[in-house]
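Step one of this worksheet: look at the structure below.
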Amino acid sequence: MTAGIETQRATITENLKAFQALKTDLFHKDFLLTWDHPEETIRAVVTLADTLKQLHKAGQSYRCFDTGLAISIFRDNSTRTRFSFASAANAMGLGLSDLDETKSQIAHGETVRETANMISFLTEVIGIRDDMFLGEGHTYMKEVGDALTDGTSQGVLHRRPSIVNLQCDVDHPTQSLADLAWLRQHFGSLENLKGKKIAMTWAYSPSYGKPLSVPQGIIGLMTRFGMDVRLAHPEGYGLIQDVVDMAGRQAQAAGGRFSVSNSMEEAFDGADIVYPKSWAPFQVMERRTEMLKNADKEGLRELEKECLANNARYQNWECTRAMMDRTSGKKALYMHCLPADITDVSCKAGEVSAEVFEQYRIPTYHEASYKPFVISALMFLTRIKDPGAKLEQIVRRAQSLSL
Amino acid sequence: MTAGIETQRATITENLKAFQALKTDLFHKDFLLTWDHPEETIRAVVTLADTLKQLHKAGQSYRCFDTGLAISIFRDNSTRTRFSFASAANAMGLGLSDLDETKSQIAHGETVRETANMISFLTEVIGIRDDMFLGEGHTYMKEVGDALTDGTSQGVLHRRPSIVNLQCDVDHPTQSLADLAWLRQHFGSLENLKGKKIAMTWAYSPSYGKPLSVPQGIIGLMTRFGMDVRLAHPEGYGLIQDVVDMAGRQAQAAGGRFSVSNSMEEAFDGADIVYPKSWAPFQVMERRTEMLKNADKEGLRELEKECLANNARYQNWECTRAMMDRTSGKKALYMHCLPADITDVSCKAGEVSAEVFEQYRIPTYHEASYKPFVISALMFLTRIKDPGAKLEQIVRRAQSLSL
Amino acid sequence: MTAGIETQRATITENLKAFQALKTDLFHKDFLLTWDHPEETIRAVVTLADTLKQLHKAGQSYRCFDTGLAISIFRDNSTRTRFSFASAANAMGLGLSDLDETKSQIAHGETVRETANMISFLTEVIGIRDDMFLGEGHTYMKEVGDALTDGTSQGVLHRRPSIVNLQCDVDHPTQSLADLAWLRQHFGSLENLKGKKIAMTWAYSPSYGKPLSVPQGIIGLMTRFGMDVRLAHPEGYGLIQDVVDMAGRQAQAAGGRFSVSNSMEEAFDGADIVYPKSWAPFQVMERRTEMLKNADKEGLRELEKECLANNARYQNWECTRAMMDRTSGKKALYMHCLPADITDVSCKAGEVSAEVFEQYRIPTYHEASYKPFVISALMFLTRIKDPGAKLEQIVRRAQSLSL
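Protein chains in written order, with the numbering used here: chain P, 1 to 403; chain C, 404 to 806; chain L, 807 to 1209.
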């Protein structure tokens, strides 16, 4: 499927040159929301991620550290991102340590500020996933960041570790950047994405509490590359308004388009890329956060019943063959962060039909395969003072070892 | 005890030469059941394991990887094998990551096929223990293997990771291979094992659900080296018939012997090696699997009572001093995969008397000490394209560093 | 605050020279209680820890191992020490593996002796925290040590791993040594500590079961450096008498002082350093241990009520501004192993007022920052045959890389 396009894909040397031409300013800083960083930085991340992936494919190490820790803090279950972070850290030469809050003394009065410093003495990177509570995750990461800045300025920490957002309530940058890196490879370049129509739509799911950060991450990133981004969802299933407004402004600035509708069909019509995925309405996530914090089990049960009943009204929001036939050439690229709710496979009625998912199963795996390299790229850019020189050193060494 | 025999043990250089003369075909393949591999491969595994052990003893690293992950999936409790896998991976230069199925999203609809790929992007080896459900473990490993082959052929995975079986319902190859490597060292060579009498017998234990894979692993491996393998157990405590039949065929082909009896005394008579160990009858494991899958707690309690009552009829199946006095020279080598149920130490009545176990305690530790090196050897053979050349490079470097 | 004093702090080269002049005898031994080691060894530990910290600050690796495991056994919750051990091991080049006793088979009859060997085949260091049961932790560590010695003498283990005490019922050496290393840097040298007055006092806390090992560790170490050590606590809140007696003897031998009183004011008067920290009376820990072992939930609840009621009589044992005003120049150095119970921050009434703690928050972080380097130093001294030569090699390499 990608044969002709792959010849357009940059070689390692071309990627290296392109990367060295891009300026970044991430040294010892955090990477929390993609829209807080200039476009050049985003280009640098995906270009570097692709280069590191090519190096790995060629069996060449891109290790940068002799020692040093990468710490993971997962406040929510995860398989993919947990292994992506572990793989990325190991490939960079960092040792992995997990802050398991059930084994720690955090419940016994340690403050976030203190813990952040206590785990950071020999730490280079801290990966955090905190997406269960609306209004909390991103705030927590900034609080940790402030603690690290404070500790470093006071000489307690020799180097300020960098935080990599592994998903918060607002954005899921490692996912959206992996998606962008995949599209860059699939369509040949970021320039080729200009004008491409991408449908980021809601889809039916038998579960009700999926986070907003994936669709918000997609509209928050793809609008920066001149794409025609179409957000679609049933009435009442909106995302955070500030993020939606920002997506519109970004699209305008990039010479692209951004629209919001209540029609899956409209979004799919003529689309080049479709990304149908379930999420809970913003207002539901607000109420759920409140109840989770109050341990209101009765309220949560009621909320779940109400939401599932509401979801059920939109069971037709499914990525079926008929839906795919509306897309450009009837063969838009189907994307999903996985795991998908597949009709008749993982559930009775889901986000996508079994037949459509099976057609695009391998492309979704290719999409996922970029995540560890994106995370390595973020580690690289936040910890290496001169990333261009370092990457050149790695590429030269790889080339000499291949002879 | 092993003084005279140790002089027959090959030096590192002799081991290296012997290893280089053996051909293997394991590159990027899995190692699930020992009997699926040619005899030459088995010889290569134990020869390499012994060499790596000698290198470690000499304080020399045999690291092969700069980066890369070794993933462990334990669907059952473990101390020994968990640490053996971790030690083996670390010695090879791989980082360890554990797939904790309680922390993952597997319960939320991820398929085995998807998970296998999602954890494999920068993974070299996957170690799996799945031995609780009869008919499940080996099947699961093959399913994972198929997923890895599929992902690699589709270009999703740059290199196909290799699966190492850390115990399934059928075989326990890292245990039986460690046992064979230990016997090779203890008796001086694999050739010296020809004609040696080994009693693989059932023994009484106050617990009822121990897996069949250890005795099956032993009869499935030792019959290939011309030994006189005597399987003994009370009536009704048989192993999987296919494995028993295969053991007989292997013994015939190797010029050895294989017999099955209901007499521990008969098996111990004149034996050079004894391996008394408890296991649950095949039929009991079948019923237990059914009930575990149906969460039939009442049925499991009844089954346990029934089995313990049946076991109790054979309390005399204990490795006592009187039993040991039947063996060759009254000093056969006692073996156990550990932990053993020791009469008056870990339980009231067990598999072995305290006095006999204490005499052979250190030999069982020597036996166990081969497991991490066997696992390193399996990693080496499945990931290194030219293992003979690589081992030579390591040995030469070790020798130059020792000067 | 430390500006003038820092000019007195030894450079890396001065630290190296000082370290090389000190003799140690820790090769392949354990480090359990500081008072079991000569003063020269203690000086070597803190001098080496400071050097390793300076190397890390300069961005230079002090890795000593290509491969090898560091195993952690935590029988109690921990954040700080868990990450300190992980950081320390990683910086030395060791891979970390945790013995999670819930995932192991220890409950199924494995003996301590067997487990110690089974996890040690490729292990260099074992870090153990076992402080919940009075009379148990130190005993357990010695039992593990004996098992390692036995296994090594029998040739089962190629090298005897070393145990590092990460806190037991008697001592907390990594904490007291980190405290000493911090004081050495803060005051410029160990010689400058002679005659310094340190108040190791009890303080009120709303929890009742904190271990004795921190105050015991402090009086057991600081009395060796000629300091004026003042232990103070309410009547009935004494430490283990043997440790108290030993502290007195050590103070006399070192030309310092050691006193015990029931007055926090008296201890604070003119003090240069204060270390107010809660602990449960020795007799309470004895009763608690008994009940914990018998799973006597009713008894534990009664004991807790009794203890909290007794503690409440001494709520005035709080490190307030008024208390600090009694110290030398009203600005003694406040120390705490963290986390502290801070009045109006982590609890209603605690060990220290919010205002005092905030003034010394950063110094307590500096104090904590020495722990990973102290642990690395203990690993270095127990695993490297010629530590002086090895450190020189590392420093030279660091200096050449900095050019």
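For glycine and all other residues, C-beta sits at the position ideal for the given N, C-alpha and C.
Exercise. At least one CB of chain C closer than 7 Å to the CB of His834 of chain L: is that the case?
Worked result: Taking the third sequence and counting its residues from 1, the one referred to as residue 834 of chain L is at position 28. No, its Cβ sits nowhere closer than 7 Å to a Cβ of chain C.
Exercise. Tell me which same chain residues have a C-beta within less than 8 Å of the C-beta of Ala757 of chain C, skipping the five on either side of it?
Worked result: By one-based count along the second sequence, residue 757 of chain C stands at place 354. Answer for Ala757 of chain C: Ile745, Thr746, Asp747 and Val748, listed in chain order.
Exercise. Considering only C-alpha positions, which residue in the set P:Leu26, P:Asp25, P:Ala368 and P:Thr47 is nearest to Ala18 of chain P?
Worked result: The residue labelled residue 18 of chain P in the question sits at position 18 within the first sequence. Measuring from the Cα of Ala18 of chain P, the nearest candidate turns out to be P:Thr47.
Problem set entry | Val220 of chain P versus Glu1110 of chain L: straight-line alpha-carbon distance, rounded | Position 220 of the first sequence holds residue 220 of chain P. Position 304 of the third sequence holds residue 1110 of chain L. The sequence given here has Gly at residue 220 of chain P, not Val. C-alpha of Gly220 of chain P to C-alpha of Glu1110 of chain L: approximately 53 Å in a straight line.
Exercise. Beta-carbon of Ser867 of chain L versus every beta-carbon of chain P: anything under 7 Å?
Worked result: Residue 867 of chain L sits at position 61 when you count from the first residue of the third sequence. True, the Cβ-Cβ gap to chain P drops below 7 Å.
Exercise. Apart from the five residues on each side of it in sequence, which residues of its chain come closer than 6 Å, Cβ to Cβ, to Thr929 of chain L?
Worked result: Here residue 929 of chain L is taken as the residue at index 123 of the third sequence, counted from 1. Leu875, Ile877 and Pro967.
Exercise. Looking at chain L, which residues of the region 155-176 of chain P have a Cβ within less than 9 Å of any of its Cβ atoms?
Worked result: Cβ contacts with chain L: Gly155, Val156, Leu157, His158 and Arg159.
Problem set entry | Minimum Cβ-Cβ distance from Met667 of chain C to chain P less than 7 Å | As a first step, residue 667 of chain C must be located in the second sequence, where it is residue number 264. Closer than 7 Å: no.
For this session: Evaluate the contact criterion for the region 765-784 of chain C versus the region 687-704 of chain C: three or more CB pairs, one atom per stretch, below 8 Å.
Result: Between the region 765-784 of chain C and the region 687-704 of chain C there are fewer than three inter-stretch CB-CB distances shorter than 8 Å, so the stretches are not counted as touching.
Problem set entry | For Glu812 of chain L, three-class secondary structure by DSSP | The residue labelled residue 812 of chain L in the question sits at position 6 within the third sequence. Unreliable positioning characterises Glu812 of chain L in this predicted model, as indicated by a pLDDT of 41, which lies under 50. A coordinate reading is not provided.
For this session: In the DSSP assignment, find the unbroken alpha helix (DSSP H) run with Asp1051 of chain L in it and report its ends.
Result: Position 245 of the third sequence, counted from the start, is the residue given in the question as residue 1051 of chain L. DSSP places Asp1051 of chain L in the uninterrupted alpha helix (DSSP H) bounded by Gln1047 to Ala1059.
Exercise. For the region 815-833 of chain L, which residues have a CB atom closer than 7 Å to at least one CB atom of chain P, in sequence order?
Worked result: Under the 7 Å Cβ criterion, the region 815-833 of chain L contributes no residue.
For this session: Would you list, in chain order, the members of the region 78-92 of chain P that have their beta-carbon closer than 9 Å to a beta-carbon of chain C?
Result: Cβ contacts with chain C come from Ser78, Thr79, Arg80, Arg82, Phe83, Ser84, Ala86, Ser87, Ala88, Ala89, Asn90, Ala91 and Met92.
For this session: State the start and end residues of the unbroken beta strand (DSSP E) segment that holds Tyr607 of chain C.
Result: Position 204 of the second sequence holds residue 607 of chain C. It is not in any beta strand (DSSP E) - Tyr607 of chain C carries neither H nor E in the DSSP assignment.
Problem set entry | Element boundaries [beta strand (DSSP E), containing Pro766 of chain C] | Looking up residue 766 of chain C in the second sequence gives position 363. Run containing Pro766 of chain C: none in the beta strand (DSSP E); it sits in the alpha helix (DSSP H), Ala757 to Ser772.
Problem set entry | Cα-Cα separation, Ala413 of chain C to Pro790 of chain C | Indexing the second sequence from 1 puts residue 413 of chain C at position 10. Indexing the second sequence from 1 puts residue 790 of chain C at position 387. Rounded to whole angstroms, Ala413 of chain C to Pro790 of chain C spans 19 Å at the Cα level.
Problem set entry | Alpha-carbon spacing of Asp76 of chain P relative to Leu231 of chain P, whole angstroms | Within the first sequence, numbered from 1, the residue matching residue 76 of chain P stands at position 76. Within the first sequence, numbered from 1, the residue matching residue 231 of chain P stands at position 231. Roughly 26 Å between the two C-alpha positions.
Exercise. Using the beta-carbon of each residue, which ones in chain C are nearer than 8 Å to Lys57 of chain P?
Worked result: Position 57 of the first sequence holds residue 57 of chain P. By Cβ distance, chain C contributes His561.
Exercise. CA-CA distance, Gly1156 of chain L and Tyr1010 of chain L?
Worked result: The count along the third sequence starts at 1 and reaches residue 1156 of chain L at position 350. The count along the third sequence starts at 1 and reaches residue 1010 of chain L at position 204. Distance from the CA atom of Gly1156 of chain L to the CA atom of Tyr1010 of chain L, rounded to whole angstroms, is 6 Å.
For this session: Indicate whether at least one CB of chain L lies closer than 7 Å to the CB of Pro775 of chain C.
Result: On the second sequence, position 372 is the one that residue 775 of chain C refers to. Interface criterion met: the Cβ of Pro775 of chain C is under 7 Å from a Cβ in chain L.
Exercise. Within the chosen definition, does the region 579-591 of chain C reach the region 542-558 of chain C through at least 3 CB pairs nearer than 8 Å?
Worked result: No contact exists between the region 579-591 of chain C and the region 542-558 of chain C.
Exercise. Nearest chain C C-beta to Thr873 of chain L closer than 7 Å, yes or no?
Worked result: Working through the third sequence from its first residue, we reach residue 873 of chain L at position 67. It does: the Cβ of Thr873 of chain L has a partner Cβ on chain C nearer than 7 Å.
Problem set entry | Short Cβ contact (7 Å threshold) for Phe671 of chain C with Met630 of chain C | As a first step, residue 671 of chain C must be located in the second sequence, where it is residue number 268. As a first step, residue 630 of chain C must be located in the second sequence, where it is residue number 227. Remark: C-beta atoms of Phe671 of chain C and Met630 of chain C do not approach each other more closely than 7 Å.
For this session: Go ahead and label Leu1231 of chain L buried or exposed: buried means 16 or more other beta carbons lie within 10 angstroms of its beta carbon, across all protein chains shown.
Result: There is simply no residue 1231 of chain L to check, as chain L begins at 807 and stops at 1209 in what is shown.
Exercise. Since Gly957 of chain L meets chain C, which of its residues come closer than 7 Å, beta carbon to beta carbon?
Worked result: Here residue 957 of chain L is taken as the residue at index 151 of the third sequence, counted from 1. Going along chain C in sequence order, the residues near Gly957 of chain L (Cβ under 7 Å) are Tyr768.
Exercise. DSSP state of Gln718 of chain C, grouped into three classes?
Worked result: In the second sequence, residue 718 of chain C corresponds to position 315, counting from 1. DSSP, reduced to helix, strand and coil, places Gln718 of chain C outside both helices and strands of the structure shown, so it counts as coil.
Problem set entry | The alpha helix (DSSP H) enclosing Phe825 of chain L, as first and last residue numbers | In the third sequence, counting from the first residue as 1, residue 825 of chain L sits at position 19. Here the alpha helix (DSSP H) through Phe825 of chain L covers Ile818 to Gln826.
For this session: Spell out whether any CB of chain L is found under 7 Å from the CB atom of Ser97 of chain P.
Result: To locate residue 97 of chain P, count along the first sequence from 1; it is residue 97. Yes, contact with chain L.
Exercise. Between which two residues does the beta strand (DSSP E) containing Tyr1081 of chain L stretch?
Worked result: As a working mapping, residue 1081 of chain L is identified with position 275 in the third sequence. For Tyr1081 of chain L, the enclosing beta strand (DSSP E) covers residues Ile1079 to Pro1082.
Problem set entry | Length-filtered (4 minimum) alpha helix (DSSP H) runs lying within the region 420-499 of chain C | Correct list: 442-460 and 483-495.
Exercise. Can you name the residues of chain C whose CB is closer than 8 Å to the CB of Ile1200 of chain L?
Worked result: Residue numbering aside, residue 1200 of chain L sits at position 394 when the third sequence is read from its first letter. One finds nothing in chain C with a Cβ atom closer than 8 Å to the Cβ of Ile1200 of chain L; even the nearest lies about 18 Å away.
Problem set entry | Reduced DSSP category for Ile1004 of chain L - H, G, I as helix; E, B as strand; rest coil | Here residue 1004 of chain L refers to the residue found at position 198 of the third sequence. DSSP places Ile1004 of chain L in the strand class (E or B) of the three-state scheme.
Problem set entry | Bridge partners - Tyr334 of chain P, DSSP secondary structure assignment | Position 334 of the first sequence, counted from the first residue, corresponds to residue 334 of chain P. DSSP output for Tyr334 of chain P lists P:Val274 as bridge partner(s).
Problem set entry | 7 Å Cβ cutoff, Ile42 of chain P in contact with chain L | As a first step, residue 42 of chain P is located in the first sequence; it is residue number 42 there, counting from the start. No, Ile42 of chain P lies away from the interface with chain L (no Cβ there is under 7 Å from its Cβ).
For this session: Report back the beta-carbon spacing between Lys270 of chain P and Thr327 of chain P to the nearest angstrom; my notes put them in contact at under 8 Å.
Result: In the first sequence, the residue the question calls residue 270 of chain P occupies position 270. In the first sequence, the residue the question calls residue 327 of chain P occupies position 327. In the sequence as displayed, the identity of residue 270 of chain P is Gly instead of Lys. Yes, they are in contact, since the Cβ atoms of Gly270 of chain P and Thr327 of chain P sit about 7 Å apart, within 8 Å.
For this session: Measure how close the beta-carbons of Ser487 of chain C and Ile778 of chain C come, nearest whole angstrom, since I'm counting them as under 8 Å.
Result: Residue numbering aside, residue 487 of chain C sits at position 84 when the second sequence is read from its first letter. Residue numbering aside, residue 778 of chain C sits at position 375 when the second sequence is read from its first letter. Confirmed, Cβ separation roughly 6 Å.
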